[in-house]
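A.B. asks: Just so you know, we're using our numbering here: the sequence shown kicks off at 165 and counts up by one.
The C-beta atom is built at its ideal place from N, Cα and C for all residues, glycine as well.
Owing to the predicted nature of the structure, the values given are computational and were not obtained by experimental measurement.
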Amino acid sequence: MIRLTVAQAVVRFLAQQWSERDGVERRFFGGCSGIFGHGNVAGLGQALATSTEDLPYHLSRNEQAMVHTAAAYARASNRLATLACTTSIGPGATNMITGAAGATINRLPVLLLPGDIFSTRVAGPVLQELEDQRSYDISVNDCFKPVSRYWDRINRPEQLPSALLAAMRVLTDPAETGAVTLALPQDVQAEAHDWPEELFARRVWHVPRPLPERAAVFRAAQLAKSAVRPLIVAGGGTIYSEATEELRVFAETYGIPVAETQAGKGALPYGHPLAVGAIGATGTTAANALAREADLIIGVGTRYSDFTTASRTIFALDARFLNLNITAFDAAKLSGLQLVGDAREGLADLVEAFAGWRGAPADYRARAAELTREWDAAVDRAYSLEGSPLPQSAVIGAVNAAAAEDGVVVCAAGSMPGDLHKLWRPSGPGNYHVEYGYSCMGYEIAGGLGVKMAVPEREVFVLVGDGSYLMMAQELITAISEGIKLVVVLVDNSGFASIGRLSESVGAERLGTSYRHRDGGPLPVDLAANAASLGATVLRPESVADLRKALEEARSGTGTTVIYVRTDPMADDAPSSEAWWDVPVAEVGGTTGAARETYEESKRSQHLHLTPPD
């Protein structure tokens with residue numbers, strides 16, 4: 165037996181957890197991020213300070229940000245590793261809820277260890293305790309329940325072993341993963357207990373590659389036989405399961421064009437003859453035209469968000485769906501024929517099962533190639549735009565060139581993710597990292613930090629708008645204090661440009677979307693000076709040529725650099741995707757008459773896709 169506090173036992177246990185897939189083992193926890201308060205400083209704080217285990221501690225500046233960092237670390241690690249996050253009880257804990265929701269929505273493993281109120285209740289109500297007349301067993305940590313894939317409160321030391329094992333089971337299960345919360349009462353964290361030595365033995369969690377059911381593979385082959393206009397939609401699961409080579413083989417064997425979701429972008433590299441780019445509301449005209457014509461949609465590792473389906477308007481009414489996904493929940497969407505299994509193994513099965521099918525006809529493949537060439541020409545024009553302020557599309561083009569083969573672009577909310585999805589030319593998996601499941605402002609710098617921690621050999625380029633920057637710029641300090649290099653391109657368009665355009669289109673007249681004095685004058689805000697005050701090297705290019713030079717300088721440097729550029733909030737310089745996104749328009753009042761008519765017309769093109777697949 166080993167006598168340790170509960171917090172010390174948690175730290176020792178986490179340091180001994182490993183994941184394994186395809187014979188490769190790696191530590192599951194790359195470290196623990198934390199901000200300390202009275203609810204965790206004497207427990208997990210003391211345990212981390214005195215630990216000799218291999219669980220590095222990282223000081224974050226915001227609790228939400230640390231969860232974003234952990235989620236980005238997990239995504240860049242293909243869900244085979246993550247970070248733990250600890251906070252005090254109270255606002256420190258509830259600050260993590262937004263990050264937890266983002267991790268769960270994006271199917272990414274993060275472990276949250278918030279402090280909690282005293283389990284003994286002797287001193288209650290204690291500082292930051294939420295009193296509820298229905299029960300003394302409620303704290304603010306109960307808010308984590310709907311955004312966690314597993315949740316537990318450790319009221320006695322004896323409860324810890326089973327909770328830790330359950331947490332690891334969920335974190336390492338690709339079909340179940342997401343945020344896991346273990347609420348740790350502050351008195352229990354400091355309580356000593358005699359633990360069995362086996363709890364701290366090196367433990368390897370084997371990440372499975374489940375095979376699709378053989379009968380389902382047979383049904384898939386039967387469904388494909390009648391298809392003449394197939395289209396693959398590659399989602400994030402394709403990349404997480406490291407199935408990009410199998411995707412290429414499957415697509416090439418049967419001549420099937422490949423479109424990509426936000427999370428799946430890079431599943432095929434730019435320039436591959438069958439890569440038609442992004443699909444949906446922020447997609448390419450090539451992918452969307454093919455989606456409208458396709459008679460068979462083969463979804464690989466996608467959850468079919470409304471942006472992917474253009475709010476269920478992009479696919480033909482009579483299209484059939486074949487969905488390969490690790491979860492039955494996602495595989496069943498759009499009345500799809502379900503292939504529940506690992507993407508890599510499932511694609512290998514489909515290559516064999518489809519033998520004898522002639523695949524996509526030559527004229528269809530030729531049409532896909534021509535549509536892609538037309539889109540490439542549109543992107544070339546958008547990348548080559550000049551002006552002052554700088555066109556956002558030209559900024560993206562310059563960053564795309566600077567990222568080259570080994571770089572990673574990181575972005576999240578606003579207009580840039582949409583432009584990135586349609587414009588960015590990926591070199592392959594891992595080159596594109598945009599959080600668009602939760603589209604969370606403030607993710608960008610924190611996410612870039614997590615990516616760089618997970619893959620330090622790659623250059624990380626963070627694209628962040630002024631709105632997101634002002635919400636969570638403080639992780640620049642974390643990057644600088646940890647010696648983690650980021651290249652941050654800070655795009656200032658004086659407000660919320662994306663929602664401003666949307667606001668105008670639905671009759672809200674850009675209310676609350678501009679950073680200006682109430683009388684309309686510009687605010688005396690200098691975001692570049694702010695970044696410099698946080699310790700970053702700051703560059704201020706005025707032209708696209710200057711931007712390219714600044715990116716080269718930042719890339720060749722050793723520390724974190726912020727490149728500050730101004731763009732026009734009223735400009736819409738990226739080519740249209742020619743797709744729709746469902747945002748309701750007021751039926752009466754203001755200037756919404758024409759907009760409401762357009763909205764109702766678009767609504768009529770929505771399809772529920774209820775036809776059985778076979």
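Whole angstroms are fine: how far does the CA of residue 180 sit from the CA of residue 365?
C.D. replies: When rounded, the distance between both Cα atoms is 7 Å.
A.B. asks: Do the segment 308-322 and the segment 372-392 make contact, defined as three or more Cβ pairs closer than 8 Å?
C.D. replies: These segments do not touch.
A.B. asks: Taking the CB atoms as reference points, tell me whether residue 500 and residue 474 lie closer together than 7 Å.
C.D. replies: Cβ atoms of residue 500 and residue 474: not closer than 7 Å.
A.B. asks: Bridge partners for residue 656 per DSSP, in chain order?
C.D. replies: Answer by DSSP bridge pairing, in chain order: 730.
A.B. asks: Roughly how many whole angstroms lie between the Cα atoms of residue 682 and residue 633?
C.D. replies: When rounded, the distance between both Cα atoms is 22 Å.
A.B. asks: I need the DSSP call for residue 169, collapsed to helix, strand or coil.
C.D. replies: Looking at residue 169 - three-state DSSP - the assignment turns out to be strand.
A.B. asks: Around the Cβ of residue 534, are there at least 16 other Cβ atoms within 10 angstroms (buried) or fewer (exposed)?
C.D. replies: Exposed.
A.B. asks: Kindly indicate the opening and closing residues of the alpha helix (DSSP H) around residue 493.
C.D. replies: From DSSP, the alpha helix (DSSP H) with residue 493 extends over 492-495.
A.B. asks: Considering only the alpha carbon of each residue, which of 418, 280, 397, 469 lies closest to residue 746?
C.D. replies: Checked all of 418, 280, 397, 469; the closest Cα to residue 746 is 469.
A.B. asks: Identify the continuous alpha helix (DSSP H) that holds residue 602 and give its terminal residues.
C.D. replies: Counting along the chain, residue 602 falls outside any alpha helix (DSSP H), and DSSP gives it neither H nor E.
A.B. asks: Determine the extent of the beta strand (DSSP E) in which residue 573 is found, giving its start and end residues.
C.D. replies: Start and end: 572-575.
A.B. asks: I need the DSSP call for residue 209, collapsed to helix, strand or coil.
C.D. replies: It is helical.
A.B. asks: By a C-beta neighbour count over all protein chains shown, 10 Å radius and 16 as the cutoff for buried, is residue 389 buried or exposed?
C.D. replies: Under this definition residue 389 is an exposed residue.
A.B. asks: Measure the CB-CB distance between residue 442 and residue 585 and report whether it falls below 7 Å.
C.D. replies: Yes, these two residues count as a Cβ contact at 7 Å.
A.B. asks: Between which two residues does the alpha helix (DSSP H) harbouring residue 502 extend?
C.D. replies: Segment 501-504 is the beta strand (DSSP E) holding residue 502; no alpha helix (DSSP H) there.
A.B. asks: Quick one: measure Cβ to Cβ for residue 109 and residue 460, integer angstroms, because I've assumed they're closer than 8 Å.
C.D. replies: This structure cannot speak to residue 109, because the chain is shown only from 165 to 778.
A.B. asks: Would you kindly work out how many angstroms separate the C-alpha atoms of residue 304 and residue 414, rounded to a whole number?
C.D. replies: Cα to Cα, residue 304 sits roughly 49 Å from residue 414.
A.B. asks: Determine whether the beta carbon atoms of residue 399 and residue 423 lie at a separation below 7 Å.
C.D. replies: No, these two residues do not count as a Cβ contact at 7 Å.
A.B. asks: Just the Cα atoms here: how many angstroms apart are residue 728 and residue 624?
C.D. replies: Those two C-alpha atoms are separated by around 16 Å.
A.B. asks: When burial is assigned at 16 or more other CB atoms within 10 Å of the CB, is residue 297 buried or exposed?
C.D. replies: By the neighbour-count rule (16 or more Cβ atoms within 10 Å), residue 297 is not buried but exposed.
A.B. asks: Excluding the 5 residues flanking residue 318 on each side, which residues of the same chain have their C-beta closer than 8 Å to its C-beta?
C.D. replies: Excluding residues within five positions, the ones whose Cβ falls inside 8 Å are 170, 324, 327, 346, 347, 348, 349, 352.
A.B. asks: State the Cα-Cα distance for the pair residue 610 and residue 287, rounded to the nearest angstrom.
C.D. replies: Answer to the nearest angstrom: the Cα atoms are 37 Å apart.
A.B. asks: Enumerated in chain order, which unbroken segments of the beta strand (DSSP E) with a length of 3 residues or greater are wholly contained in the segment 426-467?
C.D. replies: Fully enclosed beta strand (DSSP E) runs of 3 or longer: 439-442, 460-464.
A.B. asks: Between which two residues does the alpha helix (DSSP H) harbouring residue 720 extend?
C.D. replies: 708-720 is the span of the alpha helix (DSSP H), which, as asked, contains residue 720.
A.B. asks: Consult DSSP for residue 221 and reduce its assignment to one of helix, strand or coil.
C.D. replies: Three-state result, residue 221: strand.
A.B. asks: Please name the residue in 182, 178, 277 whose C-alpha comes closest to that of residue 203.
C.D. replies: Among 182, 178, 277, the Cα nearest to that of residue 203 belongs to 277.
A.B. asks: Drop a sphere of 10 angstroms on the beta-carbon of residue 166, count the other beta-carbons inside from all chains shown, and report buried for 16 or more, exposed for fewer.
C.D. replies: Per the 10 Å Cβ criterion, exposed.
A.B. asks: For residue 215, tell me which candidate among 228, 195, 227 has the shortest Cα-Cα distance.
C.D. replies: That would be 195, whose Cα lies nearest to the Cα of residue 215.
A.B. asks: Which residue marks the beginning of the alpha helix (DSSP H) containing residue 745, and which one marks its end?
C.D. replies: No alpha helix (DSSP H) holds residue 745; DSSP gives it neither H nor E.
A.B. asks: Can you tell me which of the three DSSP states residue 585 falls into?
C.D. replies: DSSP places residue 585 in helix when its eight states are reduced to three.
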